[in-house]
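Following: one structure in structure tokens, then a few remarks.
Numbering (our numbering), first residue to last: 62 to 313.
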């Protein structure tokens with residue numbers, strides 16, 4: 062699949078708000094997606110993708126008492142290449158801490174949350190995709206409902222994690238749903254490359270959106286660039302705005 066690289070400001074929130082395809086997407090009840098007795102497993106390429114992609118979903122599932130497992134594939138330590146302010150050694154410690162604070166801000170029961178950290182190398186997951194698939198297979202169960210990044214999301218780690226998750230789910234007989242994250246940046250509102258026929262909206266309340274916004278702002282490292290290294294913030298305001306619409310989208 063050909064797509065735009067993740068550069069510049071990408072497609073604006075205003076453009077997405079005018080999308081005919083997006084407006085036509087039906088909503089789905091998260092309690093139908095994750096029925097009683099099933100465990101929801103969120104597989105995030107980096108510490109923050111679980112909040113950016115499905116922070117509202119997580120709130121709803123936690124409020125309903127569903128069992129939650131989070132698998133953080135990498136530690137996100139390659140987000141600021143060449144930065145003296147945010148070197149790999151600092152990020153490898155800070156980013157998981159930011160993720161924990163963000164989940165706390167979402168109101169998740171941290172004492173009950175099952176959280177695995179895969180330790181795979183940030184930006185190089187594709188080279189270890191087979192290993193990741195084997196790793197995930199060990200921890201997944203047949204009655205799990207998995208949420209992960211879309212296999213065509215436009216970031217190599219997101220795509221590799223998506224592919225590995227889908228295959229691991231197939232091996233154990235679990236259900237796997239995919240989430241667009243960087244798709245909102247490179248895709249166009251009527252883009253035929255986006256699988257609109259598989260898309261469903263998870264509607265969010267104003268309170269859930271506010272909690273998600275508060276959680277996103279726990280990722281201080283991603284809100285800061287490093288001008289000396291020529292790095293803009295990963296989570297610039299226009300990126301955050303696109304991810305804080307009154308719904309989240311899942312590809313079934």
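Ideal Cβ positions, reconstructed from N, Cα and C, are used throughout, including at glycine.
The three-state secondary structure of residue 215, taken from DSSP, is coil. Counting C-beta pairs with one atom in each stretch, the stretch 70–80 and the stretch 123–133 have fewer than three that are closer than 8 angstroms, which means they do not touch.
Between residue 158 and residue 272, the beta carbon gap of about 19 angstroms keeps them out of contact (Cβ cut-off 8 angstroms).
For residue 243, the closest C-alpha among the options 135, 304, 100, 145 is that of 304. With respect to residue 290, residue 151 sits apart: the two C-beta atoms are not nearer than 9 angstroms. Sequence-distant Cβ neighbours of residue 114 in its own chain, meaning closer than 6 angstroms and more than five residues away, are 240, 242. The C-alpha of residue 73 lies about 8 angstroms from the C-alpha of residue 246. The stretch 174–187 makes no contact with the stretch 206–214, as fewer than three CB pairs between them are under 8 angstroms. The C-alpha of residue 161 is placed about 18 angstroms away from the C-alpha of residue 124. In this chain, the alpha helix (DSSP H) harbouring residue 195 covers 190–200.
Excluding its 5 nearest sequence neighbours in each direction, residue 171 has C-beta neighbours in its own chain below 8 angstroms: 161, 164, 165, listed in chain order.
Non-local C-beta neighbours of residue 283 in its own chain, meaning closer than 7 angstroms and more than five positions away in sequence, comprise 109, 140, 294, 295, 296, ordered along the chain. In this structure, residue 280 lies near residue 112, with their beta-carbon atoms less than 9 angstroms apart.
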